Amino acid sequence: MNKINQLFQNASRRKLLSLYFCAGCPDIDNTADVIKTMQRRGIDMIEVGMPFSDPLADGPVIQSAGTVALKNGMTLDLLLRQLAAIKDEVTIPLVLMGYLNPVMHMGYETYFSRCAESGISGTIIPDLPFDDYLNVVKPIADRYDIRVIMMITPETSEERIRFIDEHTDGFIYMVSSAAITGAQNSFDEAKLAYFNRINNMHLRNPRMIGFGISNKQTLESAQQNAAGAIIGSKFVTLLRETGNANQALDALYEALQK
Numbered sequence: 004m005n006k007i008n009q010l011f012q013n014a015s016r017r018k019l020l021s022l023y024f025c026a027g028c029p030d031i032d033n034t035a036d037v038i039k040t041m042q043r044r045g046i047d048m049i050e051v052g053m054p055f056s057d058p059l060a061d062g063p064v065i066q067s068a069g070t071v072a073l074k075n076g077m078t079l080d081l082l083l084r085q086l087a088a089i090k091d092e093v094t095i096p097l098v099l100m101g102y103l104n105p106v107m108h109m110g111y112e113t114y115f116s117r118c119a120e121s122g123i124s125g126t127i128i129p130d131l132p133f134d135d136y137l138n139v140v141k142p143i144a145d146r147y148d149i150r151v152i153m154m155i156t157p158e159t160s161e162e163r164i165r166f167i168d169e170h171t172d173g174f175i176y177m178v179s180s181a182a183i184t185g186a187q188n189s190f191d192e193a194k195l196a197y198f199n200r201i202n203n204m205h206l207r208n209p210r211m212i213g214f215g216i217s218n219k220q221t222l223e224s225a226q227q228n229a230a231g232a233i234i235g236s237k238f239v240t241l242l243r244e245t246g247n248a249n250q251a252l253d254a255l256y257e258a259l260q261k
């Protein structure tokens with residue numbers, strides 16, 4: 004069974020925590036250490052960011068991390084080689100997250116075959132058109148048992164959400180707001196109403212809420228309204244400040260108590 008499906012099947016009532024980091028930032032050689040440290044410290048799933056020069060959905064923190072990673076020499080090819088080197092040591096799901104251009108440049112067949120060889124369980128490509136996913140990408144991804152995770156936002160129509168739910172597997176990435184990534188101190192009434200609206204749709208796929216989670220209030224709101232939470236910008240900031248995955252996790256866990 005794909006590790007993503009296995010995770011949600013085994014989680015039962017336990018709320019999950021997934022973290023994002025940008026591969027190659029702050030150091031080009033820290034990918035393996037960050038992943039293994041997260042796994043050892045109890046993170047349930049990891050989103051490994053593929054740095055890109057024009058990250059349309061990302062806020063300043065992740066944009067800056069991507070710039071650092073690219074200057075350090077990180078490429079998709081190098082990242083996949085780094086992941087392949089540790090695949091036998093990683094038991095939790097890894098989800099490769101990034102934009103369409105590098106994937107198309109590599110070629111879909113090569114990308115998904117190398118994902119499978121590198122121990123990747125899923126991929127998130129925010130700018131992948133859904134029609135292209137259905138007609139071109141999904142058959143290839145299915146052949147390699149890689150889940151293509153789709154995002155929904157407060158602006159996504161109910162019809163579209165149900166269509167995504169019907170034609171995807173693994174989980175749905177529920178973006179907390181129709182905005183770029185970045186830490187927030189709280190979720191307002193509009194966001195909570197959006198969470199409640201999606202809850203009432205009783206979707207087939209589990210959902211993970213991301214964008215803006217950085218403290219106890221936002222974490223609890225996400226976990227109360229989905230299978231778990233995804234934290235990106237807050238952890239990326241702490242990883243750059245400390246330069247050490249273990250210390251960054253210490254600081255993150257402390258922030259999530261406040």
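Take 4 as the starting number for the sequence shown in our numbering and just add one per residue. Just so it is clear, CB atoms sit at the ideal spot from N, CA and C, and this is done for glycine as well. Keep in mind the model is a prediction, meaning the values are calculated, not measured.
Nearest neighbour of residue i, chosen from the options [CA to CA]
i: LEU79; options: SER56, GLN226 and PRO209; result: SER56
i: ALA88; options: VAL71, GLY62, THR70 and ALA119; result: ALA119
i: ARG44; options: LEU252, GLU257, THR113 and ALA258; result: LEU252
i: TYR256; options: CYS25, ALA35, ARG16 and MET41; result: MET41
i: ASN228; options: ARG17, ASN8 and GLN9; result: ARG17
i: LYS6; options: ILE65, PRO96, ILE234 and GLY69; result: PRO96
Where residue i falls, given that 16 or more other Cβ within 10 Å makes a residue buried
i: SER262; result: Look at the range of the chain in this structure, 4 to 261, and you will see that residue 262 is not part of it.
i: LYS194; result: buried
i: SER21; result: buried
i: THR34; result: buried
i: LEU19; result: buried
i: THR184; result: Low local confidence applies: a pLDDT of 48 at THR184 is under 50, so the model's placement there is unreliable, and no value is given.
i: VAL151; result: buried
i: ASP145; result: exposed
Where the alpha helix (DSSP H) through residue i begins and ends
i: SER21; result: It is not in any alpha helix (DSSP H) - SER21 instead sits in the beta strand (DSSP E) that spans 19-25.
i: ALA254; result: 248-258
i: ALA232; result: Per DSSP, ALA232 belongs to no alpha helix (DSSP H); it is in the beta strand (DSSP E), 231-234.
i: ILE7; result: 6-14
Close Cβ partners of residue i (< 7 Å) along its chain, the five nearest in sequence each way excluded
i: PHE11; result: PHE174, PRO209 and ALA230
i: ALA262; result: There is simply no residue 262 to check, as the chain begins at 4 and stops at 261 in what is shown.
Span of the beta strand (DSSP E), counted from its first residue to its last, around residue i
i: MET177; result: 175-178
i: MET100; result: 97-100
i: ILE49; result: 48-52
Beta-carbon proximity list for residue i, same chain, < 8 Å, skipping 5 on both sides
i: SER116; result: TYR147
i: MET154; result: ILE127, PRO129, ILE175, TYR176, MET177 and VAL178
i: LYS261; result: ASN218 and LYS219
Cβ neighbours of residue i in the same chain (closer than 6 Å, five flanking residues each side left out)
i: LEU83; result: ARG117 and SER121
i: ALA14; result: none
i: TYR102; result: PHE55 and ASP130
i: ILE233; result: SER21, MET211 and GLY213
Let me know the beta strand (DSSP E) ranges lying completely inside the region 186-226, each 3 residues or longer, listed in chain order. Runs of the beta strand (DSSP E) lying entirely within the region 186-226 and spanning at least 3 residues, in chain order: 210-213.
Contiguous alpha helix (DSSP H) assignments of at least 4 residues, all confined to the region 134-173: Qualifying alpha helix (DSSP H) stretches, in chain order: 141-146 and 161-170.
Every unbroken alpha helix (DSSP H) inside the region 58-131 [4 residues or more]: Complete alpha helix (DSSP H) runs here, min 4: 63-75, 79-89, 103-109 and 111-120.
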